[in-house]
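Colleague:
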Amino acid sequence: MTTPTYPSNKPITEIFEATVQYANEKDIFLANKINIALIKDNSGSSCWMIAAFQDISEINKKPHEIRAIHIYLPRYQLHGRVEMFPALPPEAPIINSASYFRIVNIDYEKKKSDELIYLGKTGVIKYEWSNDFKSIEGNIDLNTLDENKAPININGHFYLSNSGQHSI
C-alpha cells in the first residue's frame, strides 16, 4: 500500500467506509466527520487517535443516531500491519486498538442519550502515513461483541487528511 503525494493546491478525496456485520443484519458505515489528534494512551505514550463519525438523520433534522469508530496508532510509526490489542474504555485508550460506538435514543431537549460501546476484541489494521504525517490510508478488520455477546465484525478502508476535526 502506498500513500500518494498531493500538491497542496489539489483537493484530497477523503473516505472512511466500513461494513458493520451484526449477528442478523449488515450496515454501511460512511463517515461524514473525522478527527485525527495526538493524545496520550493509558501508559502515557503519545499516539494518534483517528475518530470517524457517521451522523444518521433525516433530511434537515438533527441526527437520531451517531456511530463512531476510534483507532489508536503509534505516534512515530509510518506504516504497519498490526494485530490489534483488546481495547480499553475510551477514557483509557491503548495503542494498536480500536472500538465501535453507537449513540442512540438521542433526546436533544433533555440532553440525554444512550451510548453503546463495543470495545475491540481482536482485529488487524494495515496502514500507511505520508512521510509528513499529513495523510493516512489503510484497512481495518475489527471484531467485537454486542451487548448480548453476539459478534460484530467491522471491515473497512480509509484515506484521510490529518487536519484535525473536520467534515468529509
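Numbered by this note's numbering, the letters in the sequence shown go through residues 880 to 1047 in order. Virtual Cβ for every residue (Gly too), placed ideally from N, Cα, C. Only a predicted model underlies this, so the values are computations on that prediction, with no experimental measurement involved.
Assuming G1002 contacts A977 under a Cβ cut-off of 8 Å, what Cβ separation, rounded to an integer in Å, is found between them?
Modeller: Sure, about 6 Å apart at Cβ, within 8 Å.
Colleague: Work out the CA separation of F964 and A1000 for me, nearest whole Å.
Modeller: The sequence shown places Lys at residue 1000, rather than the Ala named in the question. For K1000 and F964, the distance between alpha carbons rounds to 7 Å.
Colleague: Use the C-beta contact count for N975: other C-beta atoms within 10 angstroms, 16 or more gives buried, fewer gives exposed.
Modeller: With 16 or more other Cβ atoms within 10 Å, it is buried.
Colleague: Let me know the secondary structure DSSP gives G1043 once reduced to three states.
Modeller: Three-state DSSP puts G1043 in coil, outside helix and strand.
Colleague: I907: which of K941, E1026, N1034, S1040 sits nearest, CA to CA?
Modeller: Per the Cα distances, N1034.
Colleague: So, does the CB of F895 fall closer than 7 Å to a CB anywhere in chain C?
Modeller: Looking at the structure shown, chain C is missing, and only one protein chain is on hand.
Colleague: Taking just the CA atoms, how far does V899 sit from E1016?
Modeller: Those two C-alpha atoms are separated by around 19 Å.
Colleague: Grab me the residues of L1021's own chain with a C-beta within less than 6 Å of its C-beta, minus the 5 sequence neighbours each way, in chain order.
Modeller: Excluding residues within five positions, the ones whose Cβ falls inside 6 Å are A977, G999, G1002, I1033.
Colleague: Contact check, I948 vs A897 under 8 Å by CB: the rounded distance?
Modeller: 7 Å between Cβ atoms; contact.
Colleague: Helix, strand or coil: how does DSSP classify P886 here?
Modeller: At P886, the pLDDT of 43 sits below 50, so the modelled position is not reliable and the matter cannot be decided from this model.
Colleague: Could you tell me if S1046 is buried or exposed, where buried requires 16 or more neighbouring beta carbons within 10 angstroms of its beta carbon?
Modeller: The residue in question, S1046, is exposed, as its Cβ has fewer than 16 Cβ neighbours within 10 Å.
Colleague: Can you round the beta-carbon distance between R946 and R981 to whole angstroms, since I take them to be within the 8 Å contact cut?
Modeller: About 5 Å; that satisfies the 8 Å criterion.
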